[in-house]
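Novice: Protein chains in written order, with the working numbering: chain A, 326 to 641; chain B, 51 to 319; chain C, 448 to 761. Even for Gly, the Cβ is constructed at its ideal location relative to N, Cα and C. Structure in structure tokens, see below.
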Amino acid sequence: MKKLISMLAVLTLILSVCAFAGAEGTTYQVGILQFVQHPALDEATRGFREALTEKLGDSVVFTEENASGEVPNCATIASQLVAKQVNLIMANATPPLQACTNATGDIPVLGTSVTDYQSALEIELVNDATGINVSGTSDLAPLDRQAEMIRELFPEAKTVGLLYCSGEANSIFQIKKVEEYLAGMGIECKRYAFTDSNDLASVTQTATECDVIYIPTDNTAANNTEAIANIVIPAKVPVVAGEEGICKGCGIATLSISYYDIGRKTGEMAYEILVNGADVSTMPIAYAPQVVKEYNAANAAELGVVIPEDYLPIGE
Amino acid sequence: MSEKGMLVLKQLYKTFNPGTVMQKTALDGVTLTLQPGDFVTVIGGNGAGKSTMLNAIAGSFQIDSGSILLSGRDITHLPEHRRAAFLGRVFQDPMMGTAASMNIEENLALAARRGQRRGLHWGITASERSAFREKLSTLDLGLENRLGSKVGLLSGGQRQALTLLMATLKKPELLLLDEHTAALDPKTAEKVLRLTSQLIRENGLTALMVTHNMKDALALGNRTIMMHEGRVILDLNARQKQTMTVEDLLAQFEQASGKQLANDRMLLT
Amino acid sequence: MNITQLLNQLPGAAAQGLIWGIMAIGVYITFRILDTADLTVDGSFATGGAVAAILITSGVHPLLATAIAFLAGLLAGLITGVLHTGMGIPAILAGILTQLALYSINLRIQGLGTDLGSRANVPLSINKYKNMLVSLRNVGSFSIENPIWLMLLITVVLIGIMYWFFGTEYGCGLRAVGSNQQMARAQGISTGRGKIVGLMISNGLVAFSGALMAQYQGFSDVSMGRGAIVIGLAAVIIGEVIFGKLFRNFALKLLAVSLGAIIYYLVIQVVLWLGLNTDDLKLLTALVVALFLAMPYWKSHMAARRMKGGKPVV
Numbered sequence: 326m327k328k329l330i331s332m333l334a335v336l337t338l339i340l341s342v343c344a345f346a347g348a349e350g351t352t353y354q355v356g357i358l359q360f361v362q363h364p365a366l367d368e369a370t371r372g373f374r375e376a377l378t379e380k381l382g383d384s385v386v387f388t389e390e391n392a393s394g395e396v397p398n399c400a401t402i403a404s405q406l407v408a409k410q411v412n413l414i415m416a417n418a419t420p421p422l423q424a425c426t427n428a429t430g431d432i433p434v435l436g437t438s439v440t441d442y443q444s445a446l447e448i449e450l451v452n453d454a455t456g457i458n459v460s461g462t463s464d465l466a467p468l469d470r471q472a473e474m475i476r477e478l479f480p481e482a483k484t485v486g487l488l489y490c491s492g493e494a495n496s497i498f499q500i501k502k503v504e505e506y507l508a509g510m511g512i513e514c515k516r517y518a519f520t521d522s523n524d525l526a527s528v529t530q531t532a533t534e535c536d537v538i539y540i541p542t543d544n545t546a547a548n549n550t551e552a553i554a555n556i557v558i559p560a561k562v563p564v565v566a567g568e569e570g571i572c573k574g575c576g577i578a579t580l581s582i583s584y585y586d587i588g589r590k591t592g593e594m595a596y597e598i599l600v601n602g603a604d605v606s607t608m609p610i611a612y613a614p615q616v617v618k619e620y621n622a623a624n625a626a627e628l629g630v631v632i633p634e635d636y637l638p639i640g641e
Numbered sequence: 051m052s053e054k055g056m057l058v059l060k061q062l063y064k065t066f067n068p069g070t071v072m073q074k075t076a077l078d079g080v081t082l083t084l085q086p087g088d089f090v091t092v093i094g095g096n097g098a099g100k101s102t103m104l105n106a107i108a109g110s111f112q113i114d115s116g117s118i119l120l121s122g123r124d125i126t127h128l129p130e131h132r133r134a135a136f137l138g139r140v141f142q143d144p145m146m147g148t149a150a151s152m153n154i155e156e157n158l159a160l161a162a163r164r165g166q167r168r169g170l171h172w173g174i175t176a177s178e179r180s181a182f183r184e185k186l187s188t189l190d191l192g193l194e195n196r197l198g199s200k201v202g203l204l205s206g207g208q209r210q211a212l213t214l215l216m217a218t219l220k221k222p223e224l225l226l227l228d229e230h231t232a233a234l235d236p237k238t239a240e241k242v243l244r245l246t247s248q249l250i251r252e253n254g255l256t257a258l259m260v261t262h263n264m265k266d267a268l269a270l271g272n273r274t275i276m277m278h279e280g281r282v283i284l285d286l287n288a289r290q291k292q293t294m295t296v297e298d299l300l301a302q303f304e305q306a307s308g309k310q311l312a313n314d315r316m317l318l319t
Numbered sequence: 448m449n450i451t452q453l454l455n456q457l458p459g460a461a462a463q464g465l466i467w468g469i470m471a472i473g474v475y476i477t478f479r480i481l482d483t484a485d486l487t488v489d490g491s492f493a494t495g496g497a498v499a500a501i502l503i504t505s506g507v508h509p510l511l512a513t514a515i516a517f518l519a520g521l522l523a524g525l526i527t528g529v530l531h532t533g534m535g536i537p538a539i540l541a542g543i544l545t546q547l548a549l550y551s552i553n554l555r556i557q558g559l560g561t562d563l564g565s566r567a568n569v570p571l572s573i574n575k576y577k578n579m580l581v582s583l584r585n586v587g588s589f590s591i592e593n594p595i596w597l598m599l600l601i602t603v604v605l606i607g608i609m610y611w612f613f614g615t616e617y618g619c620g621l622r623a624v625g626s627n628q629q630m631a632r633a634q635g636i637s638t639g640r641g642k643i644v645g646l647m648i649s650n651g652l653v654a655f656s657g658a659l660m661a662q663y664q665g666f667s668d669v670s671m672g673r674g675a676i677v678i679g680l681a682a683v684i685i686g687e688v689i690f691g692k693l694f695r696n697f698a699l700k701l702l703a704v705s706l707g708a709i710i711y712y713l714v715i716q717v718v719l720w721l722g723l724n725t726d727d728l729k730l731l732t733a734l735v736v737a738l739f740l741a742m743p744y745w746k747s748h749m750a751a752r753r754m755k756g757g758k759p760v761v
């Protein structure tokens, strides 16, 4: 066994040198590791591919892999991409970013759909840059403005229920921030955490005791908006959502970023690194280029919420 | 006063599935005393409570009321695995008494430590191994050369003989034999019965043997009891057994129970 | 498609296979030795990762953190064991209940020291914790740092310990419990206690493996154990199907389990290299496991047919 492994290791070494030599030239090998099949993440990957393809045409070759939501697959695929000696890796969501960052200290890694790089990588950002071979885009819609939106639309609200999945690091991060901002405005917050789609309905039911419910950018909630809508709409409790998809299903209003946009932005960053030799370690983490106030017309009418004029209806 | 090997059963009651349509009174006040060295054969019809009585003694379930004393010690509420220290058991099903996925010597080594604390010493010692080989050779089944064979590969008769050896390897205060030859072919059954008598005699064991063969019941042991509907209805001593024939026994049964002996597996020859 | 790339990927598959192999040995103990299917595994794997991650980030040496993760796994097994033997809950259900409970507990463990008290993901960057036992970073390197060497050593030592333990008086008793409970009780062995101890050892190993996995992939996540039991069973069965005829000795059987895990990952790696869409990965996993599960059945079927057909026709 040992012999076999060491033989393989030697072979690997020799062949990887050959592979590296072969990769030089005008084509760029780009690996994509997406965490799970999910509309928002799919959009980000699409934006990334389109941006790079527009600029590089045939000279960029993608290896796109999906971990199908299984955490250990991230390490498998990350080591595969590193072994393949790709020129750059795009990691779509937090576990892929962590796995890729650990798999390589040399190949540039660009994350997207990651909310908070600081806590995902346990790293101090200097001038918004990581200082290591990692940069990327955040899917964070400005949370202070989301908190303000709640006050703007519902000035009478005394308690806000924060509904989120306890298993999603990103959600917890957002809840914490929003809670701070709302507390600063003198609004009381209560947390309602569900563990998965099974207890989501009953937790949502409890949350309707609040005046308003806030749902952050949360994958589990995004996949179950119908179930949430069936509870909150009859209960006449308005939902302010962290992203468009959730708002479309069960919300009243949202401050929306487009995952396609951040995917494109990540693609542009990749171009800078691959072609113009930009240094990934000093590249600042980028945010969505534009934020839009949006509202769900049907739900607003149903609950009789008056929407200011600067909001755009979703779905046009 | 009691001696080692003395068994006292006082008014054992056991009802299975009480309060349901499946309700069945299996033991209905069984009272029995075995003197040390008694070898008692037990007969009776279907559902008479023979096996239930043995299982009650072994602790497979807790009885509803009554008490069980072995060598003067009250074992009524002891869990099954704690009673194992005093009991040797052979079951009707040859698969039951041995661990099929372990080999012969491992099974014997387990039996040699019956009821003892099991520590982190190696499971079998070299001296044990040669002792096992010697004991196995007395069975005359060729097992002494197959110490490393998985027990699952042995025939029913071989497994039953091995179980018997295991049950007596560490001398039990009481040996419980539950129709242990019923699943064997006549020739093998005879061989295992001969081995049974020999082991009981050599070790001076107290034993309870359930059998469906009336002839065997009369021929073996120094005492025979007959059970019916959860009670002991007949108790024959050694002298009474000598003069008793199978026909007499059947007549006695009808007289004591008012019924025909109903046991489709009962062998009258 | 480039064979060079495939060869480059093999060390990664081997390292990950060796880590999962330890978990699979844990599964083997319950599945094959105790003859119970224990679903605690998905939870206790993540518990191991959570405990190790939280300790390493708070400055504990990774070696000690991994050892403590093993102890946490023992505890998880104890819970399932008590639910099963002490409260009469069927083993499968007891395992599912513990697995469920562990999800919340793992969130709490990972949240220790944070102001929220609960956390889904703990990063363990090799950039920061350079003394971690194994890391994905070094899997392509040809040095002592390569996690494959340490994993090989751990696997060999572990198999040695297991071989010794299951050969002792106590270990033989445990095997008897798995083989024939009636016989075990008749020999004075408490089957309830035996099952608890077996479940504890099994989940201890699973958590140990989870601790190594967290260090290897560079983070611990509450959902990292999802599907672990499937990989564990796959490894056990692949090992048996391929090496069953060759490996009779107990130590070699455990080795076969570890090899089974490596083969599982090699197969996945090759299939990915062949260009399979990763969206179909779970389907493929199910197929691989079903195929290897069916093989012993087919073999016996074919053997029976051959015997029939082999009879002389007179």
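Any idea what DSSP makes of B/GLY122, helix, strand or coil?
Specialist: Taking the first residue of the second sequence as position 1, residue 122 of chain B is located at position 72. Of the three classes helix, strand and coil, the one that applies to B/GLY122 here is coil, per DSSP.
Novice: Could you name the residues of chain C that B/MET152 contacts, counting a contact when the two beta carbons are closer than 7 Å?
Specialist: Locating residue 152 of chain B in the second sequence gives position 102, counting from the first residue. Chain C residues near B/MET152: ARG622, ALA623 and SER626.
Novice: What does the alpha-carbon distance come out to for the pair B/PHE89 and C/LYS642?
Specialist: As a first step, residue 89 of chain B is located in the second sequence; it is residue number 39 there, counting from the start. As a first step, residue 642 of chain C is located in the third sequence; it is residue number 195 there, counting from the start. Looking at the two C-alpha atoms, the distance is approximately 36 Å.
Novice: Taking A/ALA494 as the query, report the chain C residues whose CB atoms sit under 7 Å from its CB, ordered along the chain.
Specialist: Along the first sequence, read from residue 1 onward, the residue named residue 494 of chain A stands at position 169. Going along chain C in sequence order, the residues near A/ALA494 (Cβ under 7 Å) are ARG566, ALA567 and ASN568.
Novice: Using DSSP bridges, identify the partner residues of A/GLU513.
Specialist: In the first sequence, the residue the question calls residue 513 of chain A occupies position 188. DSSP, once it has assigned bridges, lists A/THR484 as partnering A/GLU513.
Novice: Please state the DSSP three-state secondary structure of B/ALA135.
Specialist: The residue given as residue 135 of chain B occupies position 85 in the second sequence. B/ALA135 falls in the coil class under three-state DSSP.
Novice: Output the boundary residues of the alpha helix (DSSP H) element that contains B/PRO86.
Specialist: Counting from one through the second sequence, the residue named residue 86 of chain B turns up at place 36. Careful: B/PRO86 lies outside any alpha helix (DSSP H) and carries neither H nor E.
Novice: Just mark C/SER667 as buried or exposed, buried being the case when its beta carbon has 16 or more other beta carbons within 10 Å.
Specialist: As a working mapping, residue 667 of chain C is identified with position 220 in the third sequence. Classification for C/SER667: buried.
Novice: For B/LEU5, which residues of its own chain have a beta-carbon under 7 Å away from its beta-carbon, when the five flanking residues on both sides are left out?
Specialist: There is simply no residue 5 of chain B to check, as chain B begins at 51 and stops at 319 in what is shown.
Novice: Taking B/ALA288 as the reference, which of B/ARG273, B/LEU255, B/ASN105 and B/GLN302 has the closest Cα?
Specialist: Position 238 of the second sequence, counted from the first residue, corresponds to residue 288 of chain B. Checked all of B/ARG273, B/LEU255, B/ASN105 and B/GLN302; the closest Cα to B/ALA288 is B/ARG273.
Novice: Expressed to the nearest angstrom, what Euclidean distance is found between the alpha-carbon atoms of C/SER649 and A/VAL434?
Specialist: As a first step, residue 649 of chain C is located in the third sequence; it is residue number 202 there, counting from the start. As a first step, residue 434 of chain A is located in the first sequence; it is residue number 109 there, counting from the start. If I take the Cα positions, the gap works out to 37 Å.
Novice: Flag C/ALA682 as yes if its beta-carbon sits less than 8 Å from any beta-carbon of chain A, otherwise no.
Specialist: Looking up residue 682 of chain C in the third sequence gives position 235. No, because no Cβ of chain A sits closer than 8 Å to the Cβ of C/ALA682.
Novice: Classify C/TYR744 as buried or exposed, calling it buried when 16 or more other Cβ atoms lie within 10 Å of its own Cβ.
Specialist: Numbered from its first residue, the third sequence carries residue 744 of chain C at position 297. It is exposed - the Cβ of C/TYR744 has fewer than 16 other Cβ atoms within 10 Å.
Novice: Who pairs with C/TRP840 in a beta bridge, going by DSSP?
Specialist: Any property of residue 840 of chain C remains undetermined from this structure, which presents chain C solely from 448 to 761.
Novice: Give every residue of the same chain whose Cβ lies closer than 7 Å to the Cβ of C/ILE539, excluding the five residues on either side of it in the sequence, and list them in chain order.
Specialist: Within the third sequence, residue 539 of chain C is the residue found at index 92, counting from 1. Excluding positions up to five away in sequence, the list reads ALA484 and LEU486.
Novice: Just by C-beta distance, which residues in the stretch 121-134 of chain B are closer than 9 Å to chain C?
Specialist: If the cut-off is 9 Å between Cβ atoms, the stretch 121-134 of chain B has PRO129, GLU130, HIS131, ARG132, ARG133 and ALA134 near chain C.
Novice: Relative to chain C, which residues along the stretch 362-395 of chain A have a C-beta separation below 9 Å, given in chain order?
Specialist: Going along the stretch 362-395 of chain A in chain order, one finds GLN362, GLU389, GLU390, ASN391, ALA392, SER393, GLY394 and GLU395 with a Cβ nearer than 9 Å to chain C.
Novice: To the nearest angstrom, report how far apart A/PRO480 and A/ALA508 are at their CA atoms.
Specialist: As a working note, residue 480 of chain A is residue 155 in the first sequence. As a working note, residue 508 of chain A is residue 183 in the first sequence. Spanning the two alpha carbons is a distance of roughly 14 Å.
Novice: Which value, in whole angstroms, describes the spacing of the CA atoms of A/GLY646 and C/ALA741?
Specialist: As shown, chain A starts at 326 and ends at 641. That puts residue 646 of chain A outside it, with no answer to give.
Novice: Within 10 angstroms of its Cβ, does A/PRO638 collect 16 or more other Cβ (buried), or is it exposed?
Specialist: Against the first sequence, residue 638 of chain A aligns to sequence position 313. With fewer than 16 other Cβ atoms within 10 Å, it is exposed.
Novice: Against chain E, with Cβ distances strictly below 8 Å, would C/ASP489 count as a contact?
Specialist: Of the protein chains in the structure, A, B and C, none is chain E.
Novice: Determine the burial state of A/PHE420: buried for a count of at least 16 other Cβ atoms within 10 Å of its Cβ, exposed for fewer.
Specialist: On the first sequence, residue 420 of chain A is found 95 positions in, with the first residue counted as 1. Position check: residue 420 of chain A holds Pro in this sequence, whereas Phe was assumed. Classification of A/PRO420: buried, given that the 10 Å Cβ count is 16 or more.
Novice: Could you check where the alpha helix (DSSP H) with B/LYS185 kicks off and where it finishes?
Specialist: Numbered from 1 along the second sequence, position 135 holds the residue referred to as residue 185 of chain B. Looking at the DSSP string, the run of the alpha helix (DSSP H) that includes B/LYS185 is 176-189.
Novice: Among the candidates A/ASP469, A/ILE512, A/ASP543 and A/THR531, whose CA atom is the shortest distance from the CA of A/VAL557?
Specialist: As a position in the first sequence, residue 557 of chain A is number 232, starting the count at 1. Measuring from the Cα of A/VAL557, the nearest candidate turns out to be A/THR531.
Novice: Please state if the CB of B/GLY122 and the CB of B/GLN61 are separated by a distance shorter than 8 Å.
Specialist: Residue 61 of chain B sits at position 11 when you count from the first residue of the second sequence. Residue 122 of chain B sits at position 72 when you count from the first residue of the second sequence. Contact flag unset, no.
Novice: Roughly how many angstroms lie between the CA atoms of A/GLY430 and C/ILE515, to the nearest whole one?
Specialist: Counting from one through the first sequence, the residue named residue 430 of chain A turns up at place 105. Counting from one through the third sequence, the residue named residue 515 of chain C turns up at place 68. Roughly 29 Å separates the two Cα atoms.
Novice: What residues match up with A/PRO642 in a beta bridge as DSSP calls it?
Specialist: No answer is possible for residue 642 of chain A: it lies beyond the span of chain A, which begins at 326 and ends at 641.
Novice: Is the beta carbon of A/VAL617 sitting closer than 8 Å to the one on A/LEU478?
Specialist: On the first sequence, position 292 is the one that residue 617 of chain A refers to. On the first sequence, position 153 is the one that residue 478 of chain A refers to. The answer is no: Cβ separation not under 8 Å.
Novice: Let me know the alpha helix (DSSP H) ranges lying completely inside the stretch 556-614 of chain C, each 4 residues or longer, listed in chain order.
Specialist: The qualifying runs are 594-612.
Novice: For A/CYS425 and A/ALA416, which I take to be in contact (beta-carbon distance under 8 Å), what is that distance rounded to the nearest angstrom?
Specialist: Position 100 of the first sequence, counted from the first residue, corresponds to residue 425 of chain A. Position 91 of the first sequence, counted from the first residue, corresponds to residue 416 of chain A. The Cβ separation is near 5 Å, so the contact holds.
Novice: With distances taken between CB atoms, is the gap from C/LEU559 to C/THR494 smaller than 8 Å?
Specialist: Along the third sequence, read from residue 1 onward, the residue named residue 559 of chain C stands at position 112. Along the third sequence, read from residue 1 onward, the residue named residue 494 of chain C stands at position 47. No.
Novice: Taking Cβ positions only, does B/LEU57 come closer than 8 Å to chain C?
Specialist: Sequence index remark: in the second sequence, residue 57 of chain B carries index 7 (1-based). With 8 Å as the cut-off, B/LEU57 does not count as an interface residue toward chain C.
Novice: Can you list the residues of chain C that B/LEU170 reaches, using a CB-CB cut of under 9 Å?
Specialist: As a working note, residue 170 of chain B is residue 120 in the second sequence. Those are TRP611, PHE612, THR615, GLU616, TYR617 and GLY618, listed as they occur along chain C.
Novice: Would you call the stretch 621-634 of chain C and the stretch 152-167 of chain B touching, i.e. three or more CB-CB distances under 8 Å?
Specialist: Short answer: they touch.
Novice: If we define contact as Cβ-Cβ less than 8 Å, is C/ALA698 a contact residue for chain B?
Specialist: As a working mapping, residue 698 of chain C is identified with position 251 in the third sequence. Cβ-Cβ to chain B under 8 Å: no for C/ALA698.
Novice: Exposed or buried, what is B/PRO236 when buried is set at 16 or more other beta-carbons lying within 10 Å of its beta-carbon?
Specialist: Stepping through the second sequence from its first residue, residue 236 of chain B is reached at position 186. With fewer than 16 other Cβ atoms within 10 Å, it is exposed.
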